[in-house]
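Asker:
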Amino acid sequence: MKVKTFFYFIKEATTGLIRNGLMSLTSIFTITLALIVLGCFYIVTTNTNHFANMAKSVLEIRVYLNDKADSVGIQNKILSLDGVKDVKFVSKNEGAKWLEKTLGVNGLKNYLAEENPLPDMVNVKLTDKANVKQLADAINAIEGVNEVEYGKTFVESMLIIIQVIWVVGIGLIVIIGMVVLYIIVNTIRLTLFARRKEIEIMKLVGATDWFIRWPFILEGVMLGAGGAIITIILISKGYHLLFHYIKQLAPFIPLLSERMINAGLFWLISLVGLAFGAIGSLFSIKRFLKV
Amino acid sequence: MIQFQGVSKVYNNGVVALSDININIEKGEFVFLVGPSGAGKTTFMKLIIRRELPTSGMIYVANKNLNKMKLGEVPYFRRNIGFIFQDFKLLPNKTVFENVSFALEVIEASQREISRQVPAVLELVGLKDKAHIFPSELSGGEQQRVSLARSIVNRPHLLLADEPTGNLDPETSWGLMDLLLEINKRGTTIIMSTHNKGIVDRMRKRVIALDAGKMIRDEQKGVYGVEG
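Order-wise, the sequence lines are chains W and Z. Numbering of the first sequence is given in my numbering, commencing with residue 77 and proceeding in unit increments. Numbering of the second sequence is given in my numbering, commencing with residue -15 and proceeding in unit increments.
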């Protein structure tokens, strides 16, 4: 593409934006709204994911063994699994000691020494990225393991919450996305309508379809970029405030740092914004090129 | 230059616009296309510029088989054809110069070519002094000359004129015809559809007459209508 042609495209696109000033502003406004929803969705999902991961990594799996099971062999097998950081064997006697201390009943240890109903136990520490549920199942399948125990309900309810957020968020984004596309298509169509005579002449004197398309695609992309810039500014400011507010109010909640959020947010919002604009333009110009 | 071999065109709504047309137009010819409204003149033109495809039959323009032409080739093919209309189709927000240079800009011609070609054609059509005013300030005849300048600025081999004198008074019409003759003398093939009996009868050029989609007459040095 020639430099001159590029500037021609930019000039035509800007003229279109300015000529339909009010409609352009409406488009940018709706794109911004949609992108803000997308951005909030992004912040909520990344943070809940992060939170779930943190919760998982704190967890241990307690493995209860059968009587007379090969405790050393089982520990080695557990250690060889992916995601296991460390194992610690707790014999039934140690268990009794711990119980006596916890319950504060003196002599319980001696009483239990005669016939100890407690099983031997292995305490498994997991690495950060371990999949708790999968590991627990794998350990349960080892011979000699009687039962495994972990913060099952908590992790599982976290997973359900994340799924619900995804479904609701994606549904919302799809609906708003369609509204946004509709508005962009109509904005570009106004420009197209104002220029239908020009397009007809361009077709007749032999301009290529892409030459005709580019200014309109650029116009759509500029609308998308406008919405994206506003959204990124609003959301990063908003997250900044929220981050500090929550840090003060409830410092134990592990929020993602601003920098981690902003990097992902920037790419997501820019790409989606520009794509909205470009796709909207392509939709609306299709019909006008049949000359 | 142009060959129609058994060409028929039936539109999707069932209207038969042309049926079994066989025509051969040589390079450098000047051809009048006459016939009542709805006879198929406009369809004939649309087929030549590959705006429509024939329902059956073959069309060759400048040695190219239009039936087989790929869509991507159409823009480049059209750069060899000029087109003027009854309603001029000028862009009101562009000056005379810009209207003409527009045709070169959108095919990505160089700045050098634009600054050489545009003044030259404006001089040819006698509008050099009015290059920087807007079409609304021009008379009908002048506007049609701008349109003509735009259609030939790309130096096409073929010029199609769809009732170019339809909105002009007799005197300006003759001015335009003189220009078309001049362009024709320089080697451009011209096909002009018209209802203007006076012009056709005086020019004594080849006349192709269409009626209800059929070619009813094709004669060298012909007149508008046999029946008067």
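Even for Gly, the Cβ is constructed at its ideal location relative to N, Cα and C.
1) Identify whether Gly56 (chain Z) lies in helix, strand or coil by the three-state DSSP scheme.
2) Answer with yes or no whether the minimum CB distance from Glu82 (chain Z) to chain W is below 8 Å.
3) Between the C-alpha atoms of Gly171 (chain Z) and Lys11 (chain Z), what's the straight-line distance to the nearest angstrom?
4) Within 10 angstroms of its Cβ, does Pro291 (chain W) collect 16 or more other Cβ (buried), or is it exposed?
5) Of all Cβ atoms in chain W, is any one closer than 8 Å to the Cβ of Leu132 (chain Z)?
6) Interface residues of chain W around Ile91 (chain Z) at Cβ under 7 Å?
7) What does the Cβ neighbour count give for Thr178 (chain W), buried or exposed, with the cut at 16 atoms within 10 Å?
8) Just the Cα atoms here: how many angstroms apart are Val297 (chain W) and Thr124 (chain W)?
9) Checking contacts by CB at 8 Å: is Glu295 (chain W) closer than that to chain Z?
10) Contact criterion: CB-CB distance below 8 Å. Does Gly212 (chain Z) meet it with respect to chain W?
11) Give me the Cα-Cα distance between Gly302 (chain W) and Ser100 (chain W), rounded to the nearest whole angstrom.
12) Do the CB positions of Ala110 (chain W) and Val256 (chain W) come within less than 8 Å of each other?
13) So, Val139 (chain W) versus Val198 (chain W), is the Cβ gap smaller than 8 Å?
14) Give a yes or no on whether the minimum CB-CB distance between Asn138 (chain Z) and chain W is below 8 Å.
15) Does any residue of chain A have a CB that is nearer than 8 Å to the CB of Thr81 (chain W)?
16) Drop a sphere of 10 angstroms on the beta-carbon of Ile91 (chain Z), count the other beta-carbons inside from all chains shown, and report buried for 16 or more, exposed for fewer.
17) Could you tell me the distance, in whole angstroms, from the CA atom of Val261 (chain W) to the CA atom of Asp71 (chain Z)?
18) Could you pull out every residue in the same chain whose Cβ sits closer than 6 Å to the Cβ of Val0 (chain Z), ignoring the five residues on either side in sequence?
19) Where in the stretch 99 to 187 of chain W do unbroken runs of the beta strand (DSSP E), each at least 3 residues long, occur, reported from the N-terminal end onward?
20) Under a Cβ-count criterion, where at least 16 other Cβ atoms within 10 Å of its own Cβ denotes burial, should Ala326 (chain W) be classed as buried or exposed?
21) Out of Z:Ser94, Z:Val137, Z:Glu89, state which residue places its alpha-carbon closest to the alpha-carbon of Leu106 (chain Z).
22) Since Phe287 (chain W) meets chain Z, which of its residues come closer than 9 Å, beta carbon to beta carbon?
23) Contact criterion: CB-CB distance below 8 Å. Does Ile86 (chain W) meet it with respect to chain Z?
24) Quick check: the Cα distance between Lys30 (chain Z) and Ile7 (chain Z), rounded to an integer number of angstroms?
25) Is Thr263 (chain W) buried or exposed, if buried means 16 or more other CB atoms sit within 10 Å of its CB?
26) Three or more C-beta pairs closer than 8 Å, one from the stretch 169 to 178 of chain W and one from the stretch 112 to 121 of chain W: is that the case here?
27) By the 10 Å Cβ neighbour count, where 16 or more other Cβ atoms means buried, how is Lys87 (chain W) classified, buried or exposed?
28) Anything in chain Z within Cβ reach of Lys273 (chain W), meaning under 8 Å, just list it in chain order.
29) Closer than 8 Å, CB to CB, is Met99 (chain W) near chain Z or not?
30) Would you tell me roughly how many angstroms separate the C-alpha atoms of Pro59 (chain Z) and Gly356 (chain W), rounded to the nearest one?
31) In the DSSP assignment, find the unbroken alpha helix (DSSP H) run with Lys169 (chain Z) in it and report its ends.
32) Could you tell me which chain W residues have their CB closer than 8 Å to the CB of Ala87 (chain Z), listed as they occur along the chain?
33) In three-state DSSP terms, what is Phe86 (chain Z)?
34) Would Lys168 (chain W) pass as a contact of Asn192 (chain W) if the rule is Cβ separation under 8 Å?
35) Counting Cβ pairs closer than 8 Å, one from the stretch 154 to 163 of chain Z and one from the stretch 121 to 132 of chain Z, do we hit at least three?
36) What residues from the stretch 204 to 219 of chain W come within 8 Å of chain Z, judged by C-beta to C-beta, listed N to C?
Answerer: Here's the rundown:
1) In this structure, Gly56 (chain Z) counts as helix in the three-state DSSP scheme.
2) No, its Cβ sits nowhere closer than 8 Å to a Cβ of chain W.
3) 8 Å
4) buried
5) no
6) Val281, Gly282, Ala283
7) exposed
8) 32 Å
9) So no, Glu295 (chain W) is outside the interface.
10) At Gly212 (chain Z), the pLDDT of 45 sits below 50, so the modelled position is not reliable and the matter cannot be decided from this model.
11) 10 Å
12) With respect to Val256 (chain W), Ala110 (chain W) sits close: the two C-beta atoms are nearer than 8 Å.
13) yes
14) Chain W, which has a Cβ nearer than 8 Å to the Cβ of Asn138 (chain Z), makes this yes.
15) Within the model displayed, chain A is absent; protein chains W and Z are what it includes.
16) buried
17) Each residue's Cα considered, the two are about 30 Å apart.
18) Shown here for Val0 (chain Z): same chain residues with a beta carbon closer than 6 Å to its own, the five before and five after excluded, namely Val(-6), Gly197 in chain order.
19) 136 to 141, 160 to 166
20) exposed
21) Z:Val137
22) Pro59, Val90, Ile91, Glu92
23) no
24) Ile7 (chain Z) has its alpha-carbon roughly 15 Å from the corresponding atom of Lys30 (chain Z).
25) buried
26) As far as the Cβ criterion goes, the stretch 169 to 178 of chain W does not touch the stretch 112 to 121 of chain W, which means the pair count is below three.
27) exposed
28) Neighbours of Lys273 (chain W) on chain Z, chain order: Lys73, Leu75.
29) no
30) 25 Å
31) Residues 154 to 169.
32) Ile277, Val281
33) helix
34) yes
35) Judged by pairs of C-beta atoms under 8 Å, the stretch 154 to 163 of chain Z touches the stretch 121 to 132 of chain Z, as three or more such pairs exist.
36) none
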